[in-house]
Amino acid sequence: MIPSPAHLDELRRSGRPFALIARDGVTVEVLTGDVVDVALLADIPLTDAEGDAREVLALVPFRQVVERGFECHDDRAPLRCLIVDAHTRLSLADALAELPSAHIPLQGAGFDIADEEYAAIVRRVIADEIGRGEGANFVIRRDFRASVDEDPVTAGLTWFRALLEHERGAYWTFLIVTDGHVAVGASPEAHVSTQAGVVTMNPISGTFRHPAGGATAATLTEFLSSTKETEELFMVVDEELKMMSAVCSDGGRITGPHLKEMSRLTHTEYMLRGLSAKDPRDILRETMFAPTVTGSPMQNACTVIRRHERAPRGYYSGVAALFTPRADGTHDLDAPILIRTAYLTDGTLRVPVGATLVRHSDPDGEVSETHGKAAGVLGAIGAVPRDAVAEAAMDLDAPTVPAPTLADDPAIAELLASRNARLAAFWLNPQSGRIEPTGRTAVVVDAEDRFTTMLAHQLRHLGFAVTITPWTEADPRQLDDVDLVVAGPGPGDPRDESPRMAAMRSVVHTRLASGRPLLAVCLSHQILAERLGIGLAPLAAPHQGLQKTVDVFGTPASIGFYNTFTARVPAGTDTIGRTEVSADPISGDVYALRGPGYASVQGHLESILSRDGLTTLDRLVAHALS
Numbered sequence: 087m088i089p090s091p092a093h094l095d096e097l098r099r100s101g102r103p104f105a106l107i108a109r110d111g112v113t114v115e116v117l118t119g120d121v122v123d124v125a126l127l128a129d130i131p132l133t134d135a136e137g138d139a140r141e142v143l144a145l146v147p148f149r150q151v152v153e154r155g156f157e158c159h160d161d162r163a164p165l166r167c168l169i170v171d172a173h174t175r176l177s178l179a180d181a182l183a184e185l186p187s188a189h190i191p192l193q194g195a196g197f198d199i200a201d202e203e204y205a206a207i208v209r210r211v212i213a214d215e216i217g218r219g220e221g222a223n224f225v226i227r228r229d230f231r232a233s234v235d236e237d238p239v240t241a242g243l244t245w246f247r248a249l250l251e252h253e254r255g256a257y258w259t260f261l262i263v264t265d266g267h268v269a270v271g272a273s274p275e276a277h278v279s280t281q282a283g284v285v286t287m288n289p290i291s292g293t294f295r296h297p298a299g300g301a302t303a304a305t306l307t308e309f310l311s312s313t314k315e316t317e318e319l320f321m322v323v324d325e326e327l328k329m330m331s332a333v334c335s336d337g338g339r340i341t342g343p344h345l346k347e348m349s350r351l352t353h354t355e356y357m358l359r360g361l362s363a364k365d366p367r368d369i370l371r372e373t374m375f376a377p378t379v380t381g382s383p384m385q386n387a388c389t390v391i392r393r394h395e396r397a398p399r400g401y402y403s404g405v406a407a408l409f410t411p412r413a414d415g416t417h418d419l420d421a422p423i424l425i426r427t428a429y430l431t432d433g434t435l436r437v438p439v440g441a442t443l444v445r446h447s448d449p450d451g452e453v454s455e456t457h458g459k460a461a462g463v464l465g466a467i468g469a470v471p472r473d474a475v476a477e478a479a480m481d482l483d484a485p486t487v488p489a490p491t492l493a494d495d496p497a498i499a500e501l502l503a504s505r506n507a508r509l510a511a512f513w514l515n516p517q518s519g520r521i522e523p524t525g526r527t528a529v530v531v532d533a534e535d536r537f538t539t540m541l542a543h544q545l546r547h548l549g550f551a552v553t554i555t556p557w558t559e560a561d562p563r564q565l566d567d568v569d570l571v572v573a574g575p576g577p578g579d580p581r582d583e584s585p586r587m588a589a590m591r592s593v594v595h596t597r598l599a600s601g602r603p604l605l606a607v608c609l610s611h612q613i614l615a616e617r618l619g620i621g622l623a624p625l626a627a628p629h630q631g632l633q634k635t636v637d638v639f640g641t642p643a644s645i646g647f648y649n650t651f652t653a654r655v656p657a658g659t660d661t662i663g664r665t666e667v668s669a670d671p672i673s674g675d676v677y678a679l680r681g682p683g684y685a686s687v688q689g690h691l692e693s694i695l696s697r698d699g700l701t702t703l704d705r706l707v708a709h710a711l712s
């Protein structure tokens with residue numbers, strides 16, 4: 087069905103819920119229907135009363151993380167479902183001809199948190215959270231707010247038109263109108279999609295704000311050479327691989343990196359792909375939410391967000407999830423992250439933006455990043471002046487000759503490709519050569535860091551039948567019959583007396599005493615070291631997302647580290663009792679331990695930063711089993 091020329095204006099006047107989506111650069115999809123609010127992702131009504139599959143567009147708020155037991159400022163924002171009864175298309179030109187274009191003035195515009203206050207929050211997060219081992223990176227947001235007198239639907243249609251005209255490179259440009267709520271944006275990032283059983287995730291990180299006059303190869307080269315920006319991207323890829331390993335039978339494979347070039351910002355990105363037979367609602371639940379807008383590890387990131395953000399997030403960092411029926415009765419899923427989005431409710435415009443805080447973060451630089459992200463949205467909708475170069479690039483009357491991109495520059499392409507030399511081939515290459523099942527079993531105990539899903543995938547690759555058990559359910563007495571217990575990583579100070587630390591100590595100590603095979607990783611390595619009489623200490627600077635080549639019992643190994651604390655021995659120590667020690671020859675920081683029936687490692691052998699991860703894991707497991 088082709089909409090009439092007055093279709094969009096009729097929608098505006100009808101008061102019906104609707105959505106406009108531009109995702110192919112050629113057409114604007116028009117979705118209409120009724121709205122139903124549900125409590126859980128599993129309740130999203132993908133079938134009607136007769137059991138027939140139907141199309142649903144769901145607005146998933148950040149507070150939905152409570153489904154996974156994570157903390158948040160719970161504003162009870164509804165999980166809102168548009169049950170699509172009509173899905174039509176307009177050409178881009180026809181849509182632009184119908185959409186309003188008048189300027190929408192803003193009053194009382196500004197950030198809800200002053201720059202100085204936001205910089206102070208950044209300092210606290212670096213010192214109190216990253217500096218104390220609570221995680222590798224965290225995203226803390228602030229909101230740009232203004233008052234708007236215009237009719238909200240008219241304002242939304244106007245801003246949607248402006249985004250179509252003045253933003254480029256978006257994954258989705260969209261307008262979603264439901265009762266009392268308007269969301270309009272140009273999201274650069276596909277959080278998760280499934281198509282015929284192929285799951286794709288698209289981690290984007292690193293933000294290059296184009297200088298006045300536009301980006302150049304020289305200015306972009308400086309950005310791409312930044313250690314902070316490079317490590318930030320690697321950390322979010324690791325975090326999304328944890329999710330992929332939880333939902334995909336083949337663990338996921340990464341390709342890239344690529345540039346995501348938009349009108350005022352450029353980002354770096356990877357693509358992750360894997361196979362899954364899971365219900366797309368379950369895939370969405372297991373991937374809530376992108377580390378690029380939360381941090382890692384995920385569960386602790388939500389706790390840190392609650393500590394340092396002052397108000398609920400609403401839909402910011404959630405997703406817009408379009409479930410489309412397939413001929414076989416299943417559904418494909420397309421779910422962009424709700425970022426670069428403006429929300430209009432009760433006459434108030436809100437543009438939430440966040441910065442990813444890591445150990446290298448400069449507070450003033452993070453303040454500037456939030457300004458850049460807000461300006462990207464505000465400039466695109468015409469609320470602030472637009473850059474002349476960006477305007478020329480978006481001139482719809484210009485000849486339709488594809489403009490060269492910075493990614494086409496050979497030096498830029500080479501600089502991007504060189505990043506992969508640092509990464510583990512296991513996650514870059516097709517994972518052939520899987521060892522046949524050995525009949526051996528392994529239980530991986532999760533201490534609230536889903537690196538355990540990647541560890542489990544590697545262990546399966548080595549022939550083990552693997553189960554992941556959360557620390558809350560790990561009864562050491564029930565693990566006696568397991569061939570290998572892997573005590574996993576987690577955030578926090580290993581010397582704490584928290585229930586989680588007590589449980590992990592019980593797992594490690596009981597398994598060690600039994601003499602049965604044990605592998606301890608990161609946090610659990612530190613717990614094992616302390617049990618063996620080795621002291622623990624905080625590092626002078628956290629090793630969050632740090633790649634090092636270290637000696638592991640006579641073999642150099644390139645390994646990724648995510649630790650704030652370390653076990654430490656006197657320099658030159660290579661044995662303690664019956665335990666062999668592999669430590670830094672100068673600092674005495676312990677990288678690995680092994681003894682009768684046990685082995686441990688401080689680094690994350692499962693990380694993309696661990697080029698020698700799988701071979702080192704194989705060696706340590708073989709020792710524990712010997």
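Numbering (my numbering), first residue to last: 87 to 712. Glycine included, each C-beta is placed from N, C-alpha and C at the ideal position. This structure is a prediction, so every number in the text was calculated from the model and none was measured.
| Item | Value |
| --- | --- |
| Closer than 7 angstroms by C-beta to Gly683: which residues in its own chain qualify, once you throw out the five before and the five after it? Chain order, please. | Gly601, Arg602, Pro603, Leu604 and Ala710 |
| I'd like to check one pair, Phe651 with Leu618: are the Cβ atoms closer than 8 angstroms? | no |
| Is it the case that the Cβ atoms of Gly242 and Val208 are separated by a distance below 8 angstroms? | no |
| Should the segment 300-313 be regarded as contacting the segment 362-372, the criterion being three or more beta carbon pairs within less than 8 angstroms? | no |
| Taking the beta strand (DSSP E) that His296 falls in, what are its first and last residues? | His296 -> no beta strand (DSSP E), and no H or E assigned at all. |
| Exposed or buried, which one is Leu126 when buried takes at least 16 other CB atoms within 10 Å? | exposed |
| Give me the residue from Pro411, Leu695, Gln193 and Ala200 with the minimum Cα distance to Arg505. | Leu695 |
| Using 8 angstroms as the threshold, is the C-beta distance between Glu318 and Ile423 below it? | no |
| In the DSSP assignment, find the beta strand (DSSP E) that holds Asn666 and state where it starts and stops. | A quick correction: the sequence has Glu, not Asn, at residue 666. It spans Thr665 to Ala669 - the beta strand (DSSP E) in which Glu666 sits, taken as one unbroken run. |
| Quick check: what's the CA-CA separation for Gly451 versus Val146? | 30 angstroms |
| Below 7 angstroms CB to CB, which residues in the same chain sit around Arg98 once its five sequence neighbours on both sides are set aside? | Val239, Thr240 and Leu243 |
| Less than 6 angstroms between C-beta atoms, sequence neighbours within five positions excluded: which residues of the same chain meet that for Glu534? | Gln385 and Gly576 |
| If distances are taken between C-alpha atoms only, which option among Leu261, Glu308 and Arg359 comes closest to Val770? | Since the displayed the chain opens at 87 and closes at 712, residue 770 lies outside it and no answer follows. |
| What number of angstroms, rounded off, separates the C-alpha of Gly337 from the C-alpha of Val323? | 13 angstroms |
| Can you name the start and end residues of the alpha helix (DSSP H) that Glu372 belongs to? | Pro366 to Glu372 |
| Using a Cβ-Cβ cutoff of less than 7 angstroms, which residues in the same chain neighbour Val379 once the five nearest sequence positions on both sides are dropped? | Val225, Ser403, Ile423, Ile425 and Gly440 |
| Here's the rule I'm using: 16 or more other beta-carbon atoms within 10 Å means buried, otherwise exposed. How should Arg412 be labelled? | exposed |
| To which residues of the same chain is Glu692 closer than 7 angstroms at the C-beta, ignoring the five residues directly before and after it? | Phe537, Met540, Leu541, Gln544 and Gly699 |
| Give me, in chain order, the residues of the same chain whose beta-carbon lies closer than 6 angstroms to that of Tyr648; leave out the 5 immediate sequence neighbours on both sides. | Ala222, Gln630 and His690 |
| Please classify Met87 as buried or exposed, where buried requires at least 16 other C-beta atoms within 10 Å of its C-beta. | Bear in mind that the predicted position of Met87 carries a pLDDT of just 40, short of 50, making it unreliable; the figure below should be weighed with that in mind. Met87 is exposed by the Cβ-count criterion. |
| Please tell me whether Val687 and Val607 are closer than 8 angstroms, where the distance is taken between their beta carbons. | yes |
| Out of Met321, Ala407, Thr427 and Gly433, which one is the CA nearest neighbour of Ala421? | Ala407 |
| Hey, which unbroken runs of the alpha helix (DSSP H) at 4 residues or more fall wholly within the segment 286-333? | 303-310 and 313-333 |
| If you draw a straight line from the alpha carbon of Arg154 to that of Val390, how long is it in whole angstroms? | 16 angstroms |
| Helix, strand or coil for Glu141 per DSSP? | coil |
| So who's on the other strand from His417, going by DSSP bridges? | Pro411 |
| Name the one or two DSSP bridge partners that Glu251 has. | Partner(s): none; Glu251 has no beta bridge. |
| Does DSSP classify Leu126 as helix, strand or coil? | coil |
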